[in-house]
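Residue numbers (the numbering used here), protein chains in the order written: chain A, 3 to 380; chain U, 4 to 289. Every residue, glycine too, gets a C-beta built ideally from N, C-alpha and C. This report refers to the structure that appears directly beneath it.
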Amino acid sequence: MTRNAKLMQGNEACTIGALAAGLEFYAGYPITPSTEIAELCAEELPKVGGKFIQMEDEIGSIAACIGASLAGKKAMTATSGPGFSLMQECLGYASLTEVPLVIIDVQRMGPSTGMPTSPAQADLMQARWGTHGDHPVIVLAPGNVKECFELTFKAFDIAETYRVPVIVLTDEIIGHMREKVILPDPAGLKPLRRAAPASPAGYKPYAADPDGGVPLMAPFGEGYRWHVTGLFHDESGRPSGKSEVADKLMRRLARKVEKAAPLIEEHFEESLEDAEIVVVSFGSSAMSSLSAVRRARREGVKAGMLRLKTMWPFPDELVARAASRARRVIVPEMNLGQLALEVERAGCGGAPVTRLGKVNGELFRPEEVYASIMEAVK
Amino acid sequence: MSSTLSYFRQENLPHIWCPGCGHGTVTGSLIRAIQRLDLDKNKVCIVSGIGCSSRAVGYLDFDTLHTAHGRALAFATGIKLARPELKVIVMTGDGDCTAIGGNHFIHAARRNIDITTIVMNNNIYGMTSGQYSPMTPKGMYGTTAPYGNLERSFDLCELAKAAGATYVARATSYHVPLLIDLIEAALQNKGFSMVEAIVQCPTYFGRKNKVGGPVEMLNWIKDGVVNVKAAASLPPEKVAGKKLIGELHNAPASEYTADYDELIAKVQRTYEGFQGGLYGCASNSD
Ligand SMILES: Cc1ncc(C[n+]2csc(CCOP(=O)(O)OP(=O)(O)O)c2C)c(N)n1
Ligand code: SF4
């Protein structure tokens, strides 16, 4: 079926993935290199009866999305580093109050205004730890344009299933790169929606199995008259300063994502079975890495590739397994070692880890990764 | 008409406020206005930020949202735009609304989005124990203004009006019948409405400024205002330095979410037969 073959950018593919997942509300503030997502939402949402609003800043954007989600709508915002930083307080709010939401962060060079039109992958830790307080996080990282569609779609399913904010972490290259994409038949797509209570009688908005259960979510305006607060709260949603209430809530939230982890984990791997040199990467850095790994293979080097698509929760076991036979693990990334630190932590069967960080605003050339592989086999 | 108490989540009482705090008076006034209008409880959503004042929503039996400091109007904007059929009300403090939330405040007013905002102005940060706010009058004291506040304060009603609010009014916790009337009128305005309710924080403002307890504070508040209608016929020296209370601005204009619904209808007419946003994006090509 060529009807659905399109030449499109990653940012477009994210937006179309969101629309396919049933996006109904977008609030955002323009920032390069994410702006195309806002522009396309402004154009497309009214056609399907959805709403777009350009807020006064990114704090307002995520806040409006949380409001819309509580009103029962599927909501999304998109941004880049500086804006993502502004969203952090309310990201924690959404996590604690269990409000489904999708945030796309198209990473650019920072810190600060940095190099606004240059790619980077240095928000990996911001995505994990940017908000204050312990909190679980789900972060997906597409490695090409098609995956922008797929993982944004999936981000909504995860957000709705587990009542969590989900971050789609792309970068300037993935966001602006154009590729041919064959979109799936819309009839075959079955986007999920949050489980709702049957009636307001006896509704306890935060009642759930303490072992990682997900409470039922009622939309505002339907007679449930429930309370949402960023204070720690009991099963009725009532603020509580009791230590046992706080402990139970924190552990349930953490456990919820822990239990989801194996079900949502996704990655790409090639030639790992006998790999002695294992390259672990994500996003656009993984594209250059893969071509380097293939070239090394052709030349008889036992190199293998692991590209992560689920960044958080971090797939410890997967990384440990992939590197179990490795003599050397190489981690190309456009930052100074954020992923490498995690790879080291996951344990690589004792193999040393090369932190191949690049922070000059340029993407990796395959030769750079290739050179690192050849250095390792010397 | 249901009883006033039936609008409260009685199981969440008693409230956290200090004895003599003015926030309860404003909360009661809002409920009485809602009661008079007989609004459907299931279609009212009340949003607040962070502060003593913002705790009010936890005691009220509606869909209620206690958000982040300063952000109530942004959350409320999302709710109202997502479901324009809901009556959305924001309860906020002077710090919450005019300091950290100042940007959201002027932009919500500019959009003329149909949200009724009740600003509970006690001229101080109560929750964090008495620091000065953008509404602390020059020369008054706060824990962070131990030598007197050097900064000028906002005239919040003028600010709201200049930013585009279509209904603006001010009352106090002393003038309760007026406060209820004004909130009632504000709730009926289809657009952005702001009612500033000047209230007492005896615990911090009263003590720090040696104004006295709740009763002395109420008298002090009363003496600092003059009704806008009375002011018209008073000599200027009787009005000087006083804040006006009453309805200060009422200029209906087209409302944002209604305009958005019209835009949707227009776009959908243009794209009649459009199968949904997925594969028809104008910016795509095969
Ligand atoms: C981002 C953030 N900054 C600061 C605070 C601390 N804080 C909580 S309430 C408050 C001031 C509230 O003052 P106001 O809105 O006037 O309400 P009041 O307590 O006087 O009713 C501050 C500064 C916070 N909760 N969040
Ligand atoms: S500190 Fe002030 S504002 Fe807060 S409850 Fe006490 S009197 Fe009211």
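How should residue i be labelled, buried or exposed, when 16 other C-beta atoms within 10 angstroms of its C-beta is the threshold for buried?
i, result
"residue 184 of chain A", "exposed"
"residue 362 of chain A", "exposed"
"residue 7 of chain U", "exposed"
"residue 202 of chain A", "exposed"
"residue 117 of chain U", "buried"
"residue 286 of chain U", "Legend: pLDDT at residue 286 of chain U = 40, less than 50; position of this residue unreliable, no value from coordinates given."
"residue 5 of chain U", "exposed"
"residue 272 of chain U", "exposed"
"residue 175 of chain U", "buried"
"residue 2 of chain A", "With chain A represented from 3 up to 380, any question about residue 2 of chain A goes unanswered, as that position is not in the structure."
"residue 150 of chain U", "exposed"
"residue 218 of chain U", "exposed"
"residue 119 of chain A", "exposed"
"residue 196 of chain U", "buried"
"residue 288 of chain U", "Because the pLDDT at residue 288 of chain U is just 35, under 50, the model does not fix this residue reliably, and the value given afterwards should be weighed accordingly. Exposed."
"residue 367 of chain A", "exposed"
"residue 74 of chain U", "buried"
"residue 226 of chain U", "exposed"
"residue 337 of chain A", "buried"
"residue 344 of chain A", "buried"
"residue 155 of chain U", "exposed"
"residue 3 of chain A", "Any reading at residue 3 of chain A is ruled out, since the residue's pLDDT is 44, under 50, leaving its predicted position unreliable."
"residue 63 of chain A", "buried"
Among the options, which one has its Cα closest to the Cα of residue i?
i, options, result
"residue 290 of chain A", "A:26, A:46, A:211 and A:333", "A:333"
"residue 143 of chain U", "U:9, U:219, U:212 and U:234", "U:212"
"residue 340 of chain A", "A:83, A:359, A:42 and A:281", "A:359"
"residue 251 of chain U", "U:237, U:204 and U:186", "U:186"
"residue 380 of chain A", "A:317, A:265 and A:329", "A:329"
"residue 188 of chain U", "U:169, U:201 and U:115", "U:169"
"residue 69 of chain A", "A:262, A:103, A:36 and A:34", "A:103"
"residue 303 of chain A", "A:124, A:376, A:244 and A:239", "A:376"
"residue 181 of chain U", "U:217, U:199 and U:165", "U:199"
"residue 347 of chain A", "A:316, A:220 and A:368", "A:316"
"residue 218 of chain A", "A:205, A:249, A:30 and A:28", "A:205"
"residue 152 of chain U", "U:126, U:163, U:164 and U:73", "U:126"
"residue 40 of chain U", "U:191, U:178 and U:227", "U:191"
"residue 27 of chain A", "A:19, A:51, A:228 and A:207", "A:51"
"residue 24 of chain U", "U:245, U:215 and U:259", "U:215"
"residue 365 of chain A", "A:292, A:287, A:349 and A:353", "A:287"
"residue 115 of chain U", "U:167, U:71 and U:161", "U:167"
"residue 233 of chain A", "U:69, U:238 and U:35", "U:69"
"residue 391 of chain A", "A:285, A:270, A:300 and A:257", "With chain A represented from 3 up to 380, any question about residue 391 of chain A goes unanswered, as that position is not in the structure."
"residue 111 of chain A", "A:236, A:33, A:216 and A:260", "A:33"
"residue 269 of chain A", "A:222, A:151, A:284 and A:278", "A:284"
"residue 259 of chain U", "U:240, U:179, U:274 and U:111", "U:111"
Taking only heavy atoms of ligand 4 into account, decide whether any of them is closer than 7 Å to the Cβ of residue i.
i, result
"residue 299 of chain A", "With respect to ligand 4, the structure offers nothing, as its ligand set consists of ligand 1 and ligand 2."
*Should the segment 103-113 of chain A be called in touch with the segment 249-269 of chain A, which here means at least 3 C-beta pairs below 8 Å?*
no
*asked:* When you compare the segment 114-122 of chain A with the segment 151-170 of chain A, are there three or more beta-carbon pairs, one atom per stretch, that lie closer than 8 Å?
replied: no
*asked:* When you compare the segment 11-21 of chain U with the segment 296-307 of chain A, are there three or more beta-carbon pairs, one atom per stretch, that lie closer than 8 Å?
replied: no
_Check whether the segment 320-330 of chain A and the segment 261-275 of chain A touch, using three or more Cβ-Cβ pairs below 8 Å as the test._
yes
*Would you say the segment 87-102 of chain A touches the segment 4-21 of chain A, given that touching needs at least three Cβ pairs under 8 Å?*
no
*Pull out every residue of the segment 216-231 of chain A whose Cβ sits closer than 9 Å to any Cβ of chain U, in chain order.*
220, 221, 222, 223, 224, 225, 226, 227, 228, 229, 230 and 231
*Of the residues that make up the segment 116-150 of chain A, which ones have a beta carbon closer than 8 Å to any beta carbon in chain U?*
none
*asked:* Any contact between the segment 126-142 of chain A and the segment 204-214 of chain A? By contact I mean 3 or more CB pairs, one from each, below 8 Å.
replied: no
*asked:* Along the segment 58-87 of chain A, where does the CB come closer than 9 Å to a CB of chain U? Name the residues.
replied: 58, 59, 61, 62, 63, 64, 65, 66, 67, 68, 69, 70, 71, 72, 73, 74, 75 and 77
_Runs of 3 residues minimum, wholly inside the segment 91-151 of chain A: which ones carry the beta strand (DSSP E) assignment?_
103-111, 117-121 and 140-142
_When you compare the segment 88-104 of chain U with the segment 114-134 of chain U, are there three or more beta-carbon pairs, one atom per stretch, that lie closer than 8 Å?_
yes
*Continuous alpha helix (DSSP H) assignments of at least 4 residues falling wholly in the segment 167-253 of chain U*: 179-191, 217-226, 231-235 and 239-242
*Count the CB pairs spanning the segment 190-199 of chain A and the segment 54-62 of chain U that are closer than 8 Å, and state whether there are at least three.*
no
*asked:* In chain order, what are the residue ranges of uninterrupted alpha helix (DSSP H) at least 4 long that sit wholly in the segment 27-105 of chain U?
replied: 75-85
*Between the segment 47-59 of chain U and the segment 75-84 of chain A, are three or more C-beta pairs nearer than 8 Å?*
no
*Residues of the segment 5-26 of chain U with a CB closer than 7 Å to any CB of chain A: list them in chain order, please.*
15
*Determine which residues of the segment 195-209 of chain U have a Cβ less than 9 Å from any Cβ of chain A, and write them out in chain order.*
none
_Any C-beta of chain A within less than 7 Å: which residues of the segment 94-119 of chain U qualify?_
106, 107 and 110
*Listed from N- to C-terminal order along the chain, which residues in the segment 32-55 of chain U have their beta-carbon within a distance smaller than 7 Å of any beta-carbon of chain A?*
44, 45, 46 and 48
*Should the segment 260-271 of chain A be regarded as contacting the segment 70-84 of chain U, the criterion being three or more beta carbon pairs within less than 8 Å?*
no
*Is it a yes or a no for the segment 125-134 of chain U touching the segment 144-156 of chain U, going by three-plus beta-carbon pairs under 8 Å?*
yes
_For the segment 162-169 of chain A against the segment 39-46 of chain A, do three or more pairs of beta-carbon atoms, one drawn from each stretch, fall closer than 8 Å, so that the two count as touching?_
no
*Length at least 4, wholly inside the segment 270-315 of chain A: the alpha helix (DSSP H) runs in chain order*: 285-300
*At which residue ranges does the segment 171-244 of chain A contain complete beta strand (DSSP E) runs of 3 or more residues, listed in the order of the chain?*
180-184 and 229-231
_Using a Cβ-Cβ cutoff of 7 Å, what residues of the segment 253-270 of chain U are near chain A? List them in chain order._
263, 266, 267 and 270
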